[in-house]
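Residue numbers (the working numbering), protein chains in the order written: chain A, 2 to 119; chain B, 2 to 119.
For reference, the structure is listed below as structure tokens.
There are 2 protein chains.
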Amino acid sequence: MTPKDAVEALYALAHEHRLGVYRMLVEAGPEGLNAGTIAQRLELAPSSLTFHLQHLQRAELITQQRQSRQLIYAADFSVMNDLVSYLTDNCCAGSAACAAPCEPARAKKPARKSSRAA
Amino acid sequence: MTPKDAVEALYALAHEHRLGVYRMLVEAGPEGLNAGTIAQRLELAPSSLTFHLQHLQRAELITQQRQSRQLIYAADFSVMNDLVSYLTDNCCAGSAACAAPCEPARAKKPARKSSRAA
DNA sequence: GCTATATTTCGATAATACTGGAAATATCGG
DNA sequence: CCGATATTTCCAGTATTATCGAAATATAGC
Numbered sequence: 002m003t004p005k006d007a008v009e010a011l012y013a014l015a016h017e018h019r020l021g022v023y024r025m026l027v028e029a030g031p032e033g034l035n036a037g038t039i040a041q042r043l044e045l046a047p048s049s050l051t052f053h054l055q056h057l058q059r060a061e062l063i064t065q066q067r068q069s070r071q072l073i074y075a076a077d078f079s080v081m082n083d084l085v086s087y088l089t090d091n092c093c094a095g096s097a098a099c100a101a102p103c104e105p106a107r108a109k110k111p112a113r114k115s116s117r118a119a
Numbered sequence: 002m003t004p005k006d007a008v009e010a011l012y013a014l015a016h017e018h019r020l021g022v023y024r025m026l027v028e029a030g031p032e033g034l035n036a037g038t039i040a041q042r043l044e045l046a047p048s049s050l051t052f053h054l055q056h057l058q059r060a061e062l063i064t065q066q067r068q069s070r071q072l073i074y075a076a077d078f079s080v081m082n083d084l085v086s087y088l089t090d091n092c093c094a095g096s097a098a099c100a101a102p103c104e105p106a107r108a109k110k111p112a113r114k115s116s117r118a119a
């Protein structure tokens, strides 16, 4: 992941609504959510939501898939993984806590199993 | 770390120059760098650099310390650690690669030991 | 083909960010 | 106190972002 990619991913997440969308999609799981549902939950005008979804898509943080009349969005973890790796590799040198993130105690959530291997 | 804090940290890092500053400070280690050196290396006008440094400081990603006539900036890893934890905890549910970051293979860098426990 | 639904694209507007020059502030060495 | 250095604050100008209504596009069912 280049610094440019990292900036793009960081920027895509660096907004209340976009981070909200992403978190919502993470929680929704592989099935994702259609645009209307997201807009309704976040109380966003449809066109505003599109604006933010395009940011997330451009950073490849989410995927889009048409299902009949609806467009389904879902979180794509690969860029998030790369981003976290980028941050730990490039931005944590010298920090013991960051250089060794393998503490079992850090697992606050059960991290429910997904059928497909990511 | 609240979503608001996460957005602030993400935003602070979501700019070519600010990410550059932060990475430079990470590399510089605990001794940090003075503003002039950073401005010179990044070819930034002093006032522009200040603008970006203030962003990073507001997010508590860096610290400031006066040393005679110079202001020394250094990376503060605590917020970075919180941010990485936030991302792995809140934005990676369902992803095996992300939910279980304890793979030895992920350690691309030797992760040099720091004497102080963070 | 027509109507209804879901979403995007377009266009306009308001807000915010980024930049850098000039002046102000802080420190040092005489 | 004065001149020199380091950095910030102030103040514009310019560019980018965020928002939303209205129109356009895509799909479905009749």
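Here a beta-carbon is modelled for each residue, glycine too, at the ideal position from N, C-alpha and C.
Which residues of chain B have a Cβ atom closer than 8 Å to the Cβ of A:H53, listed in chain order?
On the first sequence, residue 53 of chain A is found 52 positions in, with the first residue counted as 1. Simply none; closest approach about 13 Å.
CB of A:T89 within 9 Å of CB of A:A76, strictly
As a first step, residue 89 of chain A is located in the first sequence; it is residue number 88 there, counting from the start. As a first step, residue 76 of chain A is located in the first sequence; it is residue number 75 there, counting from the start. Going by C-beta atoms, A:T89 is not nearer than 9 Å to A:A76.
Near A:A10, which residues of its chain fall below 6 Å by C-beta distance, leaving aside the five closest residues on each side in sequence?
In the first sequence, the residue the question calls residue 10 of chain A occupies position 9. Cβ neighbours of A:A10 beyond the five flanking positions: A60, V80 and L84.
Outcome for B:G33 when other beta-carbon atoms lying within 10 angstroms are tallied against a minimum of 16:
For this step, residue 33 of chain B is matched to residue 32 along the second sequence. Label assigned to B:G33: buried.
Where does A:A46 land, buried or exposed, given buried means 16+ other C-beta within 10 angstroms?
Counting from 1 along the first sequence, the entry for residue 46 of chain A is found at position 45. Answer is exposed; the Cβ neighbour count stays below 16.
If you check the beta carbons only, do A:H53 and A:R24 fall under 9 Å apart?
Locating residue 53 of chain A in the first sequence gives position 52, where the first residue counts as 1. Locating residue 24 of chain A in the first sequence gives position 23, where the first residue counts as 1. Result no, Cβ atoms of A:H53 and A:R24 do not sit closer than 9 Å.
Measuring alpha carbon to alpha carbon, tell me which of A:A29, A:V22, A:N82 and A:G30 ends up nearest A:Q58.
Start at 1 with the first residue of the first sequence, and residue 58 of chain A comes out as number 57. Considering only A:A29, A:V22, A:N82 and A:G30, the residue with the shortest C-alpha distance to A:Q58 is A:V22.
Report the residue ranges of all beta strand (DSSP E) runs contained in full by the region 36-97 of chain A; include only those spanning at least 3 residues, in chain order.
63-68 and 71-76
Residues within the region 17-39 of chain A neighbouring chain B, beta-carbon criterion of under 8 Å:
E17, L20, G21, Y23, R24, V27, E28, G30 and P31
Comparing the C-beta of A:P1 with each C-beta of chain B, is any distance below 9 Å?
As shown, chain A starts at 2 and ends at 119. That puts residue 1 of chain A outside it, with no answer to give.
Determine the chain B residues that contact A:Y12 at a beta-carbon separation under 7 Å, and present them in chain order.
On the first sequence, residue 12 of chain A is found 11 positions in, with the first residue counted as 1. Annotation: Cβ neighbours of A:Y12 in chain B (cutoff 7 Å, chain order): A15.
Determine, for A:M81, whether the minimum Cβ-Cβ distance to residues of chain B falls below 9 Å.
Counting from 1 along the first sequence, the entry for residue 81 of chain A is found at position 80. Yes, its Cβ sits closer than 9 Å to a Cβ of chain B.
Could you compute how far the alpha carbon of B:E17 sits from the alpha carbon of B:Y74?
Along the second sequence, read from residue 1 onward, the residue named residue 17 of chain B stands at position 16. Along the second sequence, read from residue 1 onward, the residue named residue 74 of chain B stands at position 73. About 18 Å.
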